[in-house]
Each structure stands twice: as C-alpha cells, then as structure tokens.
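Colleague: Have a look at the structure that comes next, please.
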Amino acid sequence: MTGILAPPDKKLSSSARSHTIADSGYDANVFAGKKEQMVQVGDYLDKSGFLPKELVQNEVSWFYGNLGIDDYYFALESVETIANHIMALYGAKILAFTKNENVLDINLEKESEDSSVYIHSSQPGVSQLQGPQCERKIDEKYLDTSATTDAYRVESYRSNTTVPNGMTASQLRCYFVTKCQFNSPNPTPEQETDLNQVADQNFLIKATEHTRSIYQDVMRNVLQRTGPVIEMYDVQGTRERRLIIGYRQRSTQGFFSAMSDLYHYYDLYSSRKYVEQFSNGVTIMGLYLSPLPNAKAIPIEHSIYQVMKETSLLYCLPKNPLQQFFMTNKLSVQETVYGYVGWIFSQHFLNRLGKEYLTLSHILDTSNPLHEEVLAKMKKRLRQDTFTREYILDIVKQYPDLIKLLYAHFAKVHYVNQREASLQPTISYQRLTTMENLTEEQLLKKIKAMTSNSHEQLVFEAFMTFNKHVLKTNFYQTTKVALSFRMDPSFLPEIEYPNTPYGLFLVVGSEFRGFHIRFSDVARGGIRMIRSRNREAYSINLRTLFDENYNLAGTQHRKNKDIPEGGSKGTILLDVDQQDKPLVAFEKYVDSILDLLIDGETIGIKDKLVDLTDKPEILFFGPDEGTADYMDWASSHAKKRGASFWKAFTTGKSQSMGGIPHDKYAMTTRSVHQYVLGIYRKLHLKEEEVTKFQTGGPDGDLGSNEIKISSDKTIAVVDGSGVLYDAAGINRTELTRLANSRLMISNFDTGNLSSEGFRVLVDENNVKLHDGSVVENGLNFRNSFHTNALAQATLFVPNGGRPESVGLDNVQALIECGNGPLFKYIVEGANLFFTQEARLRLEKAGILVIKDASANKGGVTSSSLEVLAALAFDDAEFEEHMCIRDGVVPEFYEAYVKEVQSIIERNANLEFEALWEEHKKSGTPISILSDELSIAIVQLNEQLQSTGLWDNVALRETVLKRAFPKLLLEKLGLETLLKRVPENYVKAIFGATLASQFVYKYGPHPDNFAFFDFMRLNY
C-alpha cells in the first residue's frame, strides 16, 4: 500500500517530520504449521505426565487460541519450549487459586544464542518500574553491547488475553529477539546505501513495500549525520501514530527502554514496536503509539509532537541518576535532563573554598614556597571533602519541585519554539506558560525558603549560576547527539581562576563529559581524551577535569605568543564504564559544539537557537592525547555540516587533507631541541658527552623525535609500557629502530643492554635489578621513576606523562639525591609536567628549568601556519597545493613545510636568547620570565589590535608582508590574502608579529620610550 505525504507545512525539521499513511507497516505473522504443532505439543504434554491428561487439550487450546500470542512465537519456538511454557502457566494458575488472587501474572522467558522470547502480563502505559524489566534486559544484552559483532532485531506485540473464570483479564506483551541474517554482512560503499543489500532477511520478508521505502530514506539520512532521524506517520482511519527513529548502532545506550518511559509519560502506549538492524551500522526503531483510554484531554498530536521533540534528549542521555523522577511522572524528560546537567555543573563549579580561604591567601606570602604548598593542599582538601558529587546528588534528589522552577527559568530564555507553538502547541510550552514566572530575585528567595540548610541553598544557587551564564545551547535541537552549552565564564571565582577565559563550553554526553576553554576570540588548541584505569582514577580525573583544562588552555595561551591564535584546549573525560568509546565520545563532542558554531545548521534546514553572544564564533581544534587519529573525521564532518571554515577547523589532519603532521616533520621537537642546543651552546657542552633521561617513549611524537634528533648518551626512557635503563647509555641503534617504527620500549631487544641495564614493564612484579634491589610493582616503579636516584642525569627532557607529575609533594627528591641534584638542566617538552611551585623550587636549588610554555611551541606554530594556508586557499587551490594524493607531494607543500620548520627554529631561538639575557640581567627565575614574556606579548598584542596603528595602511601592509609566510605571499599576493583570511585573524597576525618582535628584543619590562625606538628602527 502506498502512503500519502502530508503537505509541506507539516514539516517540523530536517530530522523530525510528520506524514499520513494507509499502511500497516509489516505483514501479519502467519505460521502455516500452527495446527500440526498444537497436536505435537499436546502429545508432548500427554507423555510428560505433569498435567492431568483430561486437562491437556484444554490448556493447549487456551494457550494457542485465547492468549493472543503472535504467530511469530509459534514459528520461532520448539515444541518442547512451548510445552514448558504451558506447564509454567498452569502452575501460575494453581498458585493464584491457592492464594485467592484473581489476577493471572504471566511471565515467560526463553533465551538462546540465536533468539530469545519474553512474554509477560502488561497493562498499557504502566512504567517498567512496576513490571518485568524485559526491555532493559534487551537493551543491555542485545542492543547496547559492543562485546560482540552480532546484531539482533526485535519485534514486540501487545494483545488482549482471555483468562479462566474468576480471574481478571489482562494484556500480554510479547518480545521476540532474533539474530540478524544479512544479505551483505560487510557491505561495500556502493552497497551500504541500498536497503535490500544491508537489511536483515526476515525484515525484507515481513516489511511492506512502503515500509521498505520509508526505511530506505531514513537510513540514508542517518548515514549523512551523527544524530537521530525522526519521522512520524498518521495511520489513516485510526488514532494510532507510527513513530520511526533512525540512528547509528551503539551510539546510545538504554534507548529502547527509555523510549517506553517517554511515551508512557505522555499517556501513550504501543500496540507494536520493532527494532531493525542494518549491516551498514544503522538502527531503525518503529513504534505504533495510541493514547490511553483514560488519558488526559490532550490531543494525541500534541503528545506525539512532544515525544518527537524529546526523543533526541533521551538519545543523548537515556540514563541518568534522576531518571526515577521521570519514570514516576514527577519530572518531565527536559526537567530530568536539566537537573542532571545542573548536578554536573555544580560538581565542577560550586564555590567550595569560601571566604576563609580568600582571607588566608591574602595573609600568607604566596611567594614563599612553604605558604604556597599549604594553600595548594588546603585547596585540594576543601574541594574534595566539602561537596562530593554524591552529596550534591542527594541534595538535588530531595527537591524535584525546585528543579521544575529552575528548569522553567532556564527554558524561558532558551526555548525558542514559540512561533512553532502557535501552530503545534506543545505540552512543554504550555507547561512553561502556566508555571510561576519568577524573577531571579524571587527564585533565590524560593530556594532559601524551600531548602533546610546553607549547603542545600548553595547547590541550587549553583543551578542559578548555570542559568544566568548559558549564552546558547543545543538543548532544544532535534538532531543533537550530546548536550552543549556555551557559557559566559565570568562566574569563575578570581581567587581560583585569576585569568578569566574568553569562552567556555560544557558538553555532556551519555559516554562522557567535557569542556572547551579559550582565552581569546581567535584561539586554537588540542582536544585531550582522558581515560581512567579504575573507579578511583576516574574520581580523581573527575575532580581535576576543569582545572586541568583551564591550566592546559592557559599554558597554550602563553605558548601561542608568536602566532595569531590565542590558547585553547578541550578535554573529554570518558565515563568509568565507557573506556572503550573514545571515538564515539569524540564524534559527539565535536558534533554538539558544531551545533552552536553553525547555529544548529543541518542538512537542508536550520534549527533555531537563542544566541546571547550575538556574534559568530569559530573554534580551531587540534590533536592531543588520545585524539590524534580523529582530526580527519572532524574536518570532514564540519564540511558535511556545511561549515564554511571546515578546512581550518582541525589541524593534525592527514596529508591527503592538507595536514602537516607534527611527528613526521618533528615540529614540536624542533622547538624543544633548540632550547637544549641553546643550553649546550651557552655552557659550552658537547652533546655526545651529556647524559639524558626522558619520559615519553619511542612510540610517541615527542619521544620518538627526541631520540632521532639528538646524539646524547640517553640512560633512561619511560613510556606507557614501563622503564628502560642503562647506566652505560642505551644502545642508540636499537633505540632508533623503535623510534622509526613508533614502538614502545616493551619491544626493545634486551640483549642490547649492558650489565648495568634493565627493563621493567608495568605488568611485572618482583623484578630483581642489576644492583640487587627488587622492584615489587612495575606500575608504581614506572609512575615514580622520574624521582628515582637511578634516573640521575645531566639533562631531563619530559616528553610525556600526566600533568603535575612533579609538585611540591615530591620535588625534593629531584633536589636532594645524595650526590647532588637528580638533574642539572630540565627542558619541559610535555605540558604541565611540573607545577609552577616545583619549577621555582628547582631553580632556587640551582637547576636550570625551561618551562613548557616556552619550549613546547613548535607544534602550535606548525598548526597555526597550517590553518593560515587553509584559510588562504580556496577549495580547488587547497587541493592542488596542500593535499598529497597517491604519494605525490605538491611542490608548494614540500617547500611550505621547510619554511614552517625554519620559522619554528627562528622563534625558539629568539625566545631562548631573550630568556637567557633577561635572566642574566635580572636574576629572575626563567620559569617566571617565561610567563612574563608570554603575558607581555599577549597583552601588547591585544592593545596593538585596537590602536590606530592598524588603521595606518602603509604600516599594516609592511608588517603583514613580513608576517605572512613568503610562499603564501608569492603564490597569492597580499591583496588576495587580505580578502580571504578573516579580518579578526589578520588583526591577530598583525598584533602578534609586532608584539613578539618587540618583547623579544626589549624584554618583558621595557622603558617608556622603547616601543617608539623599536618602531623607528624597524618600521
């Protein structure tokens, strides 16, 4: 049967549409051998002897004819299984009779590897909390799991049942789960868009022609986006509505059962539902929904519309700790999800230090390392012990009515469907218009009146802080895959975060939570994936997540002093039970942020959102720990989403997409090593005679290139697999072999070690070393080897490791090592390996320390120039000059890489000389000078962009001709560059060039006439 499409004005969005059909969707299941099977079942029961012979025929007839079980069950199950189920029901009737109960509770299950059947009594609209947990079991066992490559389809039917005299009639819900049999289990790119090639064989037999047609369209739409695709059909001549939801397999969890909770909340029930799997990675769910007989007097159109709008919320977060309020009708889906997000916000931003800490910090001399250490420990203790996430959750759960009020306050700003509401008035909008319209002051009074103590009040005031500082969100968009919130960072307390970021994003998904922080409008930095080995590690990572992100972004901002982009950083913390989902989490993180960058733009149409920033934003992402392999996808996805900035959206892309790989060309190491060579040059050291210890092994970017670019005597290397050590110097040939192959030290041929060497891997215990000592635990040995006396060397270059690996708690081990300090010189390749307090303590002890923000800036320079090329070339030129195809390297690309390397080395040398001269002149620790230089350049950059110097066209052109890479100027010309590169980006180039040149020459504290002299002499 063919369907009749609704007129165009019925469209809701590109992902939620309504149509009218005259089609049942699936052909009815008919089992031709049913009568013959009944005879066989009767014979089986007769021989078993468990039922009285005179009752066998009656019980079999009742089971087959009166329960309304779908024929699919009889076609699927064996004679033995059906006979066992009949016996189980007979026993249930006997039990009910003996207990004087007049309700027959039916609950039958049969599970096997290829198929499972669940049949139970079910009243329409009754929450799963009050009945069998079949759907949750189906989610967990068959739809969510990634432990198996098998896919399962689900059919479910509701039927009336006739029960024996004296018992109450009920309905049966049957679930049939069967393993899929695909025509093409591994489809080719050509096959994956053809439903007949990728569908399950049973689906193709049972689905009507019209169903196959609409599923084909839904499937193709799913393949074009990350989020769910939602279609709704009015079934002609009935009040029933058919809801079709398409999404990518295993991109959400608990979704099948959560959808039941959702339509139950709006007084709907399902007669049939299906979950179909396709071998191209698409899942399509079909629900046939009708209003309950005793439902509220709300048109089904409104209820269905609300279900469609909230489906994406459930897709994003099908499970959360407040779900019980939704399942018991105390809170709606929006209110529950809002409460969950507010709980997460409170965990990270509840002001936990208080006035006492502020007072103490003013009293103590923070330049005193001992005082600094006391404050640092107090801050950690206050944060950990005062408001735990469990304590905050307990408070939130006590006040669902406050969540309602706070949600209404949030929604009245960001719920933008008022125009739509006049056409399709939704329950959500109606609820908003009938709730108390409280002002901020009234709501704060309400919080104070309803809570019972100051701690509870603080928690809900944090919710208010959240509401006040959300500038835009995709909360109400129908295509979202995770929730994203662009925040105004001004709520961050200055005592904890002295430098207020320019922009802050909070992202919440079912597998993760994350942040993105940037310190200027034009900013760039990597996205870091954070994993946790166990629950304890997860708790630690959770507590430090925002601070780690803030500190990384701050370091990046100081590091980016030479380039137009300011510093930014993103972090993605995988939930403790989702450690195997980094790619899924990354894709959702990126897509949900794109929702806000391109105003909810989707294929074909836009979802509106409230934007209180009132200006367009562009973020530039890059690779970091755990995300290096994802940059191509992010750039391609931005292009698919219609983002004009897609070529420049990510750096670290593959060379076929115009990327300049840092590891292949040693971009970051070139900067780090210039500082190493600078120390050798100033102190007249021979590199071959210097002993060196490095963290970050031959498998990593920095670690491998440090090995390849150096010629020192490396005595120890620590990486993810363990510790490699040789006092005589690790065999350079074998170490280089690992570096070229990017292999961990676990692959080192230990036959190349001297008698003073060893290798201890993280999974080894009780290992005896050459000096007779025993390593009891390899993991602990690896984690602390940088403080071990065996690591003593002339030079330490940390190229990997967790932030704050050296702090005030363990820095003394590097200073006091029996026969002098552990290291004489430290060049910090890895970000934040040392705390600032530790660096200052080391420098006070006479150890030379080059800070990460200075040393580790080669990669950011390379990425910046990669972005500039992407912005400068149009798509065709970019393909011709920057993309390597079939191993053919464009002439421009090869030359551009060499120019980038030259710029990196030049900038590193300029800063090294500036730091060395200023340190020699003032005696100020280099760790402080590094920050002072960075801050001076960043501040001067901002000032120069807003002065009249920019308006001086002749000066502007002179500066930009020196600032733009020569190759881009030769290829495109300044006029074309200025037309194509956004003006705010060009301004940033102008400011960064002048500011860095001036500060490197005159230092961070020049006299009043220095800039005048600088401009007179140079421009």
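The C-terminal residue of the sequence shown carries number 1019 in full-length UniProt numbering, and the numbering is unbroken.
For every residue, glycine included, the Cβ atom is placed at its ideal position computed from N, Cα and C.
The model shown is predicted, which means the values in this text are computed figures rather than measured ones.
(1) What separation, rounded to the nearest whole angstrom, lies between the Cα atoms of K713 and Y725?
(2) Grab me the residues of A75's own chain with a C-beta within less than 6 Å of its C-beta, minus the 5 sequence neighbours each way, in chain order.
(3) Tell me which same chain residues have a C-beta within less than 6 Å of the C-beta of K105, skipping the five on either side of it?
(4) Kindly identify the DSSP beta-bridge partner or partners of R272.
(5) In whole angstroms, what is the alpha-carbon distance linking N936 and I540?
(6) Restricting to Cα atoms, I'd like to know which of E276, L596 and L268 is closest to I244.
(7) Give the DSSP-derived three-state secondary structure of R220 in the structure shown.
(8) List the endpoints of the continuous alpha helix (DSSP H) containing T81.
(9) How should V981 be labelled, buried or exposed, when 16 other C-beta atoms within 10 angstroms of its C-beta is the threshold for buried?
(10) Express the C-alpha separation of T695 and L331 in angstroms, rounding to a whole number.
(11) Report the three-state DSSP secondary structure of P798 (helix, strand or coil).
(12) With a cut-off of 8 Å, do at least 3 Cβ pairs link the segment 261-271 to the segment 505-523?
(13) So, helix, strand or coil for L243, using DSSP?
(14) Just mark I363 as buried or exposed, buried being the case when its beta carbon has 16 or more other beta carbons within 10 Å.
(15) Where do the ends of the alpha helix (DSSP H) carrying L944 lie?
(16) What's the gap between the Cα of R543 and the Cα of A537?
(17) Would P890 count as contacting chain D if we go by Cβ distances under 8 Å?
(18) Alpha carbon to alpha carbon, how far is D809 from V717?
(19) Between the Cα of K569 and the Cα atoms of K588, A585 and E548, which residue gives the shortest distance?
(20) List the whole-angstrom C-beta distance separating R670 from A853, where the pair is believed to meet the contact cut-off of C-beta under 8 Å.
(21) May I have a chain-ordered list of the alpha helix (DSSP H) segments no shorter than 4 residues that lie completely inside the segment 522-566?
(22) Taking only runs of the alpha helix (DSSP H) that begin and end inside the segment 738-785, which ones reach a length of at least 4 residues, in chain order?
(23) Should E440 be labelled buried (16 or more other beta-carbon atoms within 10 Å of its own) or exposed?
(24) Would DSSP call H409 helix, strand or coil?
(25) On the DSSP letters alone, give me the boundaries of the alpha helix (DSSP H) that S996 sits inside.
(26) V198 and S251 look like a contact to me (Cβ under 8 Å); what is the Cβ gap, rounded to whole Å?
(27) Just how far apart, CA to CA, sit N765 and G772?
(28) Quick one: what's K141 bridged to in DSSP?
(29) Buried or exposed: which applies to T98, given that a residue is buried once 16 or more other Cβ atoms fall within 10 Å of its Cβ?
(30) Which of the three DSSP states, helix, strand or coil, is assigned to L108?
(31) Counting pairs of Cβ atoms below 8 Å between the segment 877-884 and the segment 573-590, do you hit three or more?
(32) Taking DSSP as the reference, what is the three-state secondary structure of P493?
(33) Straight-line CA distance for L594 to D521?
(34) Do you know whose CA, among L360, L322, L350 and L471, lies nearest P400's CA?
(35) Which stretch, first to last residue, makes up the beta strand (DSSP E) that contains P582?
(36) DSSP beta-bridge partners for C174?
Modeller: In short:
(1) For the purposes of this step, residue 713 is taken as the residue at position 713 of the sequence shown. For the purposes of this step, residue 725 is taken as the residue at position 725 of the sequence shown. Rounded to whole angstroms, K713 to Y725 spans 12 Å at the Cα level.
(2) Start at 1 with the first residue of the sequence shown, and residue 75 comes out as number 75. Within the same chain, Cβ atoms closer than 6 Å to the Cβ of A75 are found at F31, the five residues on either side in sequence being excluded.
(3) Within the sequence shown, the letter at position 105 stands for residue 105. The sequence shown places Asp at residue 105, not Lys. Excluding residues within five positions, the ones whose Cβ falls inside 6 Å are S121.
(4) Here residue 272 refers to the residue found at position 272 of the sequence shown. DSSP lists Y157 and Y288 as partners of R272.
(5) Counting from one through the sequence shown, the residue named residue 936 turns up at place 936. Counting from one through the sequence shown, the residue named residue 540 turns up at place 540. Reading off the sequence shown, one finds Ala at residue 936, where the question assumed Asn. Between A936 and I540, the C-alpha separation is close to 34 Å.
(6) The sequence position of residue 244 within the sequence shown is 244, counting from 1. Comparing Cα-Cα distances from I244 to each of E276, L596 and L268, the minimum goes to E276.
(7) Here the question's residue 220 lines up with position 220 in the sequence shown. DSSP places R220 in helix when its eight states are reduced to three.
(8) Working through the sequence shown from its first residue, we reach residue 81 at position 81. Residues V79 to T98.
(9) Taking the sequence shown and counting its residues from 1, one reaches residue 981 at position 981. Buried: at least 16 other Cβ atoms inside 10 Å.
(10) The residue labelled residue 331 in the question sits at position 331 within the sequence shown. The residue labelled residue 695 in the question sits at position 695 within the sequence shown. About 51 Å.
(11) Walking along the sequence shown from the start, residue 798 turns up at place 798. Here DSSP, grouped into helix, strand and coil, assigns P798 to strand.
(12) The segment 261-271 makes no contact with the segment 505-523; the number of CB pairs closer than 8 Å stays below 3.
(13) On the sequence shown, position 243 is the one that residue 243 refers to. Residue state, collapsed to three classes: strand.
(14) Walking along the sequence shown from the start, residue 363 turns up at place 363. Its Cβ having fewer than 16 others within 10 Å, I363 is exposed.
(15) Reading the sequence shown from its first residue, position 944 is the one you call residue 944. Counting along the chain, L944 sits inside the alpha helix (DSSP H) bounded by residues I926 to Q945.
(16) By 1-based counting over the sequence shown, the position of residue 543 is 543. By 1-based counting over the sequence shown, the position of residue 537 is 537. Rounded to the nearest whole angstrom, the C-alpha separation of R543 and A537 is 10 Å.
(17) Structure shown: chain D not included; a single protein chain is present.
(18) Within the sequence shown, residue 809 is the residue found at index 809, counting from 1. Within the sequence shown, residue 717 is the residue found at index 717, counting from 1. D809 and V717 have their C-alpha atoms roughly 23 Å apart.
(19) Position 569 of the sequence shown, counting from 1, holds the residue named residue 569. Among K588, A585 and E548, the Cα nearest to that of K569 is on E548.
(20) For this step, residue 670 is matched to residue 670 along the sequence shown. For this step, residue 853 is matched to residue 853 along the sequence shown. Distance from R670 to A853 at the Cβ level is roughly 17 Å; contact not present, criterion being Cβ atoms closer than 8 Å.
(21) Taken in chain order, the complete alpha helix (DSSP H) segments of 4 residues or longer contained in the segment 522-566 are 535-559.
(22) Scanning the segment 738-785 for uninterrupted alpha helix (DSSP H) segments of 4 residues or longer gives 778-784, listed from N- to C-terminal end.
(23) In the sequence shown, residue 440 corresponds to position 440, counting from 1. With fewer than 16 Cβ atoms within 10 Å of its Cβ, E440 is classed as exposed.
(24) Mapped onto the sequence shown, residue 409 falls at position 409. Helix, per DSSP.
(25) One-based indexing of the sequence shown puts residue 996 at position 996. Here the alpha helix (DSSP H) through S996 covers E983 to Y1002.
(26) One-based indexing of the sequence shown puts residue 198 at position 198. One-based indexing of the sequence shown puts residue 251 at position 251. The pair is not a contact, with the Cβ atoms about 17 Å apart (cut-off 8 Å).
(27) Here residue 765 refers to the residue found at position 765 when the sequence shown is read from its first residue. Here residue 772 refers to the residue found at position 772 when the sequence shown is read from its first residue. Each residue's Cα considered, the two are about 15 Å apart.
(28) In the sequence shown, the residue the question calls residue 141 occupies position 141. K141 is not bridged to any residue.
(29) As a first step, residue 98 is located in the sequence shown; it is residue number 98 there, counting from the start. So T98 counts as exposed.
(30) For the purposes of this step, residue 108 is taken as the residue at position 108 of the sequence shown. L108 carries a strand assignment under DSSP once its states are collapsed to helix, strand and coil.
(31) Too few Cβ pairs lie closer than 8 Å, so no.
(32) Counting from 1 along the sequence shown, the entry for residue 493 is found at position 493. Note: P493 maps to coil in three-state DSSP.
(33) Counted from its first residue, the sequence shown places residue 594 at position 594. Counted from its first residue, the sequence shown places residue 521 at position 521. For the pair L594 and D521, the Cα-to-Cα distance works out to about 16 Å.
(34) Position 400 of the sequence shown, counted from the start, is the residue given in the question as residue 400. Measuring C-alpha to C-alpha distances from P400 to each of L360, L322, L350 and L471 identifies L322 as the nearest.
(35) Working through the sequence shown from its first residue, we reach residue 582 at position 582. That residue, P582, is in no beta strand (DSSP E); its alpha helix (DSSP H) goes P582 to L597.
(36) Numbered from 1 along the sequence shown, position 174 holds the residue referred to as residue 174. I119 and Y157, per the DSSP bridge assignment.
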